[in-house]
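First up is the structure itself, then whatever we jot down about it.
Residue numbers (the numbering used here): 15 to 228.
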């Protein structure tokens, strides 16, 4: 029982942390501040392309629902509760998308790779752990984060991944709710996978490259 309570406590803490970071990301996005955790010499790799239309679609449906219920619910107290829930839902959708926009993947000059999904997932792959990286478009089934029995980690955006990183050794990471796991292959999505792979290759070989424009 103590183990179950500890696991639930970790999940709750991570969800609260996600809410706070999503709120901060919404402010950063609205104020058009630079991406989080991206230095001047780093290569930032956005990944929100496949999900943008879906996110705005969810927001539109939420707004339509709010207006419709305002006319359908005759009880003011119930209407206020539903309004609060609908506004929270709309802000949650915006916050999730804003966190993804302001927290791109990052390739650093030392060859390390930071793979992220908003405030829910954050894994830094050190340069000595990268065996190979390639453009590799796949359409896996399942949730945002899935791990196969043989250690293949899929970080799926819009039902697809576009980059595959083969690791030189198994790498520890944490799932969105805090459960520990290990991966030997990481597949994730980048809107411009060729640019990300080129940045990784340039960092590994020491070739000069232009930093990502702000």
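Note that beta-carbon positions come from the ideal geometry of N, C-alpha and C, so glycine has one too.
With 16 or more neighbouring CB atoms inside 10 Å of its own CB, residue 178 falls in the buried class. Taking all protein chains in view, the Cβ of residue 129 is crowded by 16 or more other Cβ atoms within 10 Å, so the residue is classified as buried. Ranked by Cα distance from residue 218, the first of 205, 121, 63 and 30 is 121.
Excluding sequence positions up to five before and after residue 194, its CB lies within less than 8 Å of the CB of 186, 187 and 188, all in the same chain and listed in chain order. Here residue 62 carries a coil assignment [DSSP, helix/strand/coil]. Under the 8 Å Cβ criterion, the stretch 128 to 142 does not count as touching the stretch 92 to 103, having fewer than three qualifying pairs.
Put simply, the backbone Cα of residue 55 is about 7 Å away from that of residue 123.
Burial of residue 61 is indicated by the presence of at least 16 other C-beta atoms within 10 angstroms of its C-beta. In chain order, 165, 181 and 184 place their CB closer than 7 Å to the CB of residue 198, counting only its own chain and leaving out the 5 sequence neighbours on each side. For residue 102, the enclosing alpha helix (DSSP H) stretches over residues 90 to 116. A contact is defined here as three or more CB-CB pairs under 8 Å, and the stretch 28 to 39 fails this definition with respect to the stretch 141 to 149. Per DSSP, residue 151 has no beta-bridge partner at all.
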